[in-house]
Amino acid sequence: MSLMTDGKAPGPVRFYLACDRGKCTERISFDLVISEPRPDEEADFLGHILHEAHHAAPLIADLGWVFIQGGEGYWCPACAGPTRDTGTPDPS
Numbered sequence: 030m031s032l033m034t035d036g037k038a039p040g041p042v043r044f045y046l047a048c049d050r051g052k053c054t055e056r057i058s059f060d061l062v063i064s065e066p067r068p069d070e071e072a073d074f075l076g077h078i079l080h081e082a083h084h085a086a087p088l089i090a091d092l093g094w095v096f097i098q099g100g101e102g103y104w105c106p107a108c109a110g111p112t113r114d115t116g117t118p119d120p121s
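Counting from 30, one number per residue, gives the positions in the sequence shown under this note's numbering.
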């Protein structure tokens, strides 16, 4: 997957996102201040790992990036193109 972070909540976190489609070289980075600390690792392991990404997901979608299920990862707006009702990129 192409979403990486630098920093840890609570506080500023820098996100790096690269398009996973074929030979696309599109990349973006952005900063987001996350006020809530991560959940306890012992109590919620998956929530602990995905805490920052959960907060960034709405912003990533607002930027036009699409997450493709099934291991494809994130596609940039140019590669995602028009989407169908399923949220899957149009293959044409």
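We treat Cβ as the ideally placed atom computed from N, Cα and C, and that holds for glycine.
Any idea which residues DSSP pairs residue 106 with across the strands?
Residue 106 sits at position 77 when you count from the first residue of the sequence shown. For residue 106, which the question treats as bridged, DSSP gives no partner whatsoever.
Does residue 103 pass the burial test, meaning 16 or more other C-beta atoms within 10 Å, or should it be called exposed?
What you label residue 103 is simply residue 74 of the sequence shown in a count that begins at 1. When all chains shown are included, residue 103 counts as buried.
What residues are listed by DSSP as bridge partners for residue 40?
Counting from one through the sequence shown, the residue named residue 40 turns up at place 11. DSSP, once it has assigned bridges, lists 63 as partnering residue 40.
With three or more beta-carbon pairs closer than 8 Å as the criterion, would you say the stretch 74-89 touches the stretch 48-64?
Because the criterion of three Cβ pairs below 8 Å is met, the stretch 74-89 and the stretch 48-64 touch.
Does residue 35 come out as helix, strand or coil in the three-state DSSP assignment?
Translated into positions along the sequence shown, residue 35 becomes position 6. In this structure, residue 35 counts as strand in the three-state DSSP scheme.
Tell me the rounded alpha-carbon separation between residue 112 and residue 68.
Looking up residue 112 in the sequence shown gives position 83. Looking up residue 68 in the sequence shown gives position 39. Its pLDDT being 49, under 50, residue 112 is placed unreliably in this model, and the coordinates cannot settle the point.
Give the straight-line distance between the Cα atoms of residue 109 and residue 95, rounded to the nearest whole angstrom.
As a first step, residue 109 must be located in the sequence shown, where it is residue number 80. As a first step, residue 95 must be located in the sequence shown, where it is residue number 66. Going by the C-alpha atoms only, they are around 6 Å apart.
What separation, rounded to the nearest whole angstrom, lies between the Cα atoms of residue 75 and residue 52?
Within the sequence shown, residue 75 is the residue found at index 46, counting from 1. Within the sequence shown, residue 52 is the residue found at index 23, counting from 1. Cα-Cα distance, rounded: 30 Å.
So, is residue 80 buried or exposed, given that buried needs 16 or more other C-beta atoms within 10 angstroms?
Your numbering for residue 80 matches position 51 in the sequence shown. So residue 80 counts as buried.
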